[in-house]
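In this note's numbering, the protein residues as written are 2 to 178. Positions of the beta carbon are idealized from the N, C-alpha and C atoms, including for glycine. As the structure is a prediction and not an experimental result, all values here were calculated from the model.
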Amino acid sequence: MASERSAGRTPAPPPETKPHAGLVAASLISGALALFMVSASLRGIFVAVNRAKFVPDEAVILNWDFAERRVSDPRARIVSSGEEVQIDRYNFMELDEAQALENAGKLEGHRTPVFYLPPASPWSTADNFVAFRIQSPEQFALGFPAGLLVANLLLAVLSVVLFRRGLRRASGPSSTV
């Protein structure tokens with residue numbers, strides 16, 4: 002060290018550390034996947050919490066638009082109560098079946114069996130954000146999607162861990178003399 006001072010040389014500064022772009026990008030991708038899965042996870046939780054309150058019924062399809070430019074929320078009317086509800090395309094009927102009915106001109110007005118949560122439940126207001134009160138018998142029989150919920154939580158945690166690790170390289174300890 003004394004020889005460096007006498008030679009007039011100063012020690013080289015430590016290299017600047019930058020965020021690890023790969024880790025940050027991976028964290029953003031896993032965070033986006035977790036965000037996209039939130040509605041499916043919430044739907045599974047809402048159905049599981051209210052499972053005993055669901056009743057078998059029938060629904061009449063009022064509209065279901067397959068045109069890409071005019072995508073509207075499909076709606077149905079519950080036969081027993083006359084209530085008009087928004088339906089989730091994926092929990093109401095198989096899309097292939099709906100497309101076949103549409104091609105035959107029989108989709109609107111079609112009656113289909115469903116499991117229905119009456120609006121008396123305090124959870125029914127959540128249906129405005131996550132359509133869950135109408136379930137096809139097949140979807141209802143699947144039960145609670147524990148694997149989906151676990152995958153969603155793991156992706157969220159992974160996103161945070163990767164993001165922190167990616168940024169930690171930028172704010173790592175710097176040694177100055």
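Query: Neighbourhood of Ala35 by C-beta, 7 Å cutoff - its chain only, sequence neighbours within 5 removed; Result: Asn153, Leu156, Ala157, Ser160
Query: Inter-residue Cα distance where the pair is Glu98 and Asn51; Result: 27 Å
Query: Whole-angstrom C-beta distance between Phe55 and Phe141, which should lie under 8 Å; Result: 7 Å
Query: Pairwise C-alpha distance: Ala22 and Val162; Result: 14 Å
Query: The segment 75-89 in contact with the segment 109-128 per 3-pair CB rule at 8 Å; Result: yes
Query: Alpha helix (DSSP H) segments (min. 4 residues) lying fully within the segment 85-141; Result: 90-93, 96-104
Query: N-terminal and C-terminal residue of the beta strand (DSSP E) that Leu24 is part of; Result: From DSSP, Leu24 is part of no beta strand (DSSP E) but of the alpha helix (DSSP H) over 22-50.
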